Structure formats: C-alpha cells, structure tokens
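Read the structure below first, then the notes.
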Amino acid sequence: MEYRYMGKTGLQLSVLSFGSWVSFHKQINDSVADELMGMAYENGVNFFDNAEVYALGESENMMGRVLKKKNWDRTSYIVSSKAFWGWRGKSNKPNQTGLSRKHLTEACHEALQRLQLNYLDLYFCHRPDKGTPITEVVWTMHNLVQQGKILYWGTSEWSGVEIMEAHRVAQQYGLIGPAMEQPQYNLLERNKMENEFLMIFKTVGMGTTVWSPLASGLLSGKYNEGIPEGSRFAIKGFDWLKDRWMKENFLEKVKMLNELANNLGITIAQLSIAWCLKNPDVTTAILGASRKEQLAENLKSLDAKEKLDAGVMQQIEDIVQTKPVLPEY
Ligand code: NDP
Numbered sequence: 013m014e015y016r017y018m019g020k021t022g023l024q025l026s027v028l029s030f031g032s033w034v035s036f037h038k039q040i041n042d043s044v045a046d047e048l049m050g051m052a053y054e055n056g057v058n059f060f061d062n063a064e065v066y067a068l069g070e071s072e073n074m075m076g077r078v079l080k081k082k083n084w085d086r087t088s089y090i091v092s093s094k095a096f097w098g099w100r101g102k103s104n105k106p107n108q109t110g111l112s113r114k115h116l117t118e119a120c121h122e123a124l125q126r127l128q129l130n131y132l133d134l135y136f137c138h139r140p141d142k143g144t145p146i147t148e149v150v151w152t153m154h155n156l157v158q159q160g161k162i163l164y165w166g167t168s169e170w171s172g173v174e175i176m177e178a179h180r181v182a183q184q185y186g187l188i189g190p191a192m193e194q195p196q197y198n199l200l201e202r203n204k205m206e207n208e209f210l211m212i213f214k215t216v217g218m219g220t221t222v223w224s225p226l227a228s229g230l231l232s233g234k235y236n237e238g239i240p241e242g243s244r245f246a247i248k249g250f251d252w253l254k255d256r257w258m259k260e261n262f263l264e265k266v267k268m269l270n271e272l273a274n275n276l277g278i279t280i281a282q283l284s285i286a287w288c289l290k291n292p293d294v295t296t297a298i299l300g301a302s303r304k305e306q307l308a309e310n311l312k313s314l315d316a317k318e319k320l321d322a323g324v325m326q327q328i329e330d331i332v333q334t335k336p337v338l339p340e341y
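Residues 13 to 341 in the numbering used here are what the sequence shown lists, from first letter to last.
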C-alpha cells in the first residue's frame, strides 16, 4: 500500500480506501461487511468512509458493529462521517438536515453513537448549505475539533469559491479551516479535480478523498452488454444513477478502455482506479464493493499503476477525451 499526506495536514491516508455507500445494509449484511473490511485492512487500507445518510444511519450502525468486533487498534485506522441530508429520510424535520450548528453537532453525536467511537477522524459537510452562513459552519467545525469529537473537517462537492470562503472565515477568526474535500473523480468526471480546485491545491492546500472512481461500476465494464441482475444500476430507486451513466457515448469509451486494459494485462477496473491515483492531488480513491472478488481485483490497482506510463496515459486521453480545457496564461 502507498500512503499520502492529506493535503497540508500530517495525516497519512492509504491511497486506496473503502466506503459503504449503497452496499452496506442495502446489498450486504454484517458478515460480508466484516469480510470486506477485513480484506481491505489486511491489504493496508486505513480509511473507511461513511455518512449519516447512507442507508439512513444503518450503514454507520453496520460499520460500528464490524469495527467493534474487529477490535483493531484505534490508532491504526481512520473513520469518517458526513452530515447534511439527515438520516430520517422523508420524516426529516427542520434542523434535522443542513449545516446549522445544531444539526452538525447533533449529527456528529449520532454518528459517534452508531459507529460506537469516541471521535471521528474526518467529518465532512456532505454538501454546501445555502441556508446557513459559512461563518456558522466554520465556527461549529472548529469547536468540534476543540472538543475532541472530530480531528479534521472538510467538505464534499463544494465549489472552489465556497471552499475558499470557508478559508477566508477561518483566517479572519484564527479558526481551523477545511483540510479535505470529497469530490467525484473518475475518467468521465474530471473538472473539479483538474481545473476548478487547482489554485486551492497550490495555495491553502487540500487533501482529496475522491468518490466513485469507477463511475458506480460503469468503468468495470460490467454494463457493456446490459444491466446484470444484482448490480447497482438494477437496484430499485437507483434509476437516476443508471440514467446518469448508461449512455451510448460513455459505453463506447468503456469498451475501448476495456480493450486497452486487456492489452496491458490488467482489468479495466484496475486501469480506471490506477488512473485516478496517477493524479498527485488525489490523496485517496474510495473503493466501493458488494463482493469479495471485486475488492480483491480493485486492491491490485496499485500494481496496475506501474503500467500506466506516459504513452498509455496518452492512449487513455485519446479514448476518453474528457480532459478539461484550461485557459492558457
Ligand atoms: P465506484 O465507482 O468504485 O463503484 C463501486 C461499485 O461498482 C461497487 O459497489 C460494485 O457495485 C461495482 N464494482 C466495483 N468493483 C467492481 C469490479 N471489479 N467489477 C464489477 N463491479 C464492480 O465507487 P462508489 O460509487 O461505490 O463510491 C465509493 C465510495 O465513495 C462510497 O462508498 C462512499 O463512501 C463515497 N461516496 C461519496 C459520495 C459523496 O457525495 N461524498 C457520493 C458517492 C460515493 P455492484 O456490485 O452493486 O454493481
């Protein structure tokens, strides 16, 4: 395993990490979660990602039970949660969602209870909240750090401007600012990581825990001949995700990438994950898996990275044609 410092912090994250969205509670039970987390940890993964909204709190409950049973040294792993959507689903009332001081604080307490932990290593604002002043968010996160309930705080899917506004407030009051962002990043979704955030990486610094490195599985090639039973795009309620990715022009690119990967003697999933890791601004790519075989395959992406030399990276660019066009100065 390779470890990278998270932005300008002293915290080291494994470049491959493991997340629980969709899979925990919806697709897998405690015993599979136990196996998957065990396999990840034994392979050097030290970061496990979660959120209050995943399976409406049940994903954190499941991860908490697994962590308790594993009884790993608490200093050897990193756990996150994220607040914004709440966990009560349709019965969410005002103040049970968003980024107010009240919800961020209560969501943190509830996540700690579900995960059976004394502190969260990473705590994310899962989305920006147009209704809460950024000053309130920054003060709340700073205070949670001071109280020892969280160690680092960050954002997810915030714009570059919103992140810099949080830094401005933090600097104005001498508070602890956001240390990391969790954006989507994969071969088909690149603008934030390769354009919008570039100045932030260069100036205040920012770690990134990127999500959906396989575009929800599309970049494993599993959807090339249709939607397999039991796969994510076949799950009830995930039509929005299927519609986002099951597009002819994406599938054509995936088929070409598949061929390129085969020629290199690796799988397209490994090629796609390894490609994310080639970007030094990525601290960690969060893997998702509903089966052991998937995780075993994906954990080998680090070896596959060695095969992505400059020539191969260019071949990938020629296929995907998704590189953001930057202004020339
Ligand atoms: P991926 O894009 O890697 O998709 C993972 C899914 O793809 C698996 O659950 C599985 O789905 C399928 N898959 C994975 N590997 C293989 C393989 N080798 N062969 C075939 N199918 C495969 O990541 P996720 O979208 O799951 O995101 C990873 C994590 O990022 C999440 O768990 C979560 O922690 C975080 N995240 C954060 C978000 C945010 O807003 N901050 C949003 C989304 C995710 P299946 O078997 O069901 O088809």
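All residues carry an ideal CB built from backbone N, CA and C; glycine is no exception. Nothing here was measured: the structure is a model prediction, and the numbers come from that model.
Residue i, DSSP secondary structure in three states
i           : result
residue 296 : strand
residue 278 : coil
residue 262 : helix
residue 131 : coil
residue 196 : strand
residue 222 : strand
residue 330 : helix
residue 213 : helix
residue 152 : helix
residue 257 : helix
residue 202 : coil
residue 188 : coil
residue 60  : strand
residue 16  : strand
residue 165 : strand
residue 250 : coil
Closest residue to residue i among the options (Cα-Cα distance)
i           : options            : result
residue 222 : 251, 298, 169      : 298
residue 138 : 92, 106, 161, 151  : 92
residue 316 : 338, 331, 272, 303 : 272
residue 33  : 25, 90, 64         : 64
residue 259 : 310, 242, 231      : 231
residue 331 : 306, 125, 269, 210 : 269
residue 247 : 213, 229, 187      : 229
residue 72  : 120, 53, 114       : 120
residue 142 : 164, 216, 177      : 177
residue 293 : 328, 54, 55, 209   : 209
residue 170 : 194, 188, 156, 154 : 194
residue 14  : 56, 51, 42, 21     : 56
residue 76  : 164, 107, 87, 125  : 125
residue 154 : 236, 136, 168      : 136
residue 264 : 237, 337, 249      : 237
residue 198 : 189, 216, 227      : 227
Exercise for the section: For the stretch 120-137 and the stretch 199-210, state whether three or more C-beta atom pairs, one from each stretch, are separated by less than 8 angstroms. Expected result: Using a C-beta cut-off of 8 angstroms, the stretch 120-137 makes no contact with the stretch 199-210, since fewer than three inter-stretch Cβ pairs fall below that distance.
Problem - Stretch pair the stretch 247-255 + the stretch 272-284: three plus CB contacts closer than 8 angstroms - result: By the Cβ test, the stretch 247-255 is not in contact with the stretch 272-284, since fewer than three Cβ pairs between them sit closer than 8 angstroms.
Practice task
Could you tell me whether the stretch 40-47 touches the stretch 286-294, using the rule of 3 or more Cβ pairs below 8 angstroms?
Solution key: Verdict: no, contact absent.
Handout entry: Any 3 or more C-beta pairs closer than 8 angstroms across the stretch 30-46 and the stretch 61-68
Key = A contact between stretches requires three or more CB pairs, one per stretch, nearer than 8 angstroms, and the stretch 30-46 meets this requirement with the stretch 61-68.
Handout entry: Runs of alpha helix (DSSP H) wholly within the stretch 77-129 (minimum 4 residues, chain order)
Key = The stretch 77-129 contains these whole alpha helix (DSSP H) runs: 113-127.
Practice task
Would you check if there are 3 or more beta carbon pairs closer than 8 angstroms linking the stretch 177-193 to the stretch 136-152?
Solution key: Touching, yes.
Problem - the stretch 25-32 touching the stretch 293-311, judged by at least three CB pairs closer than 8 angstroms - result: In this structure the stretch 25-32 lies against the stretch 293-311, because at least three pairs of beta carbons, one per stretch, are closer than 8 angstroms.
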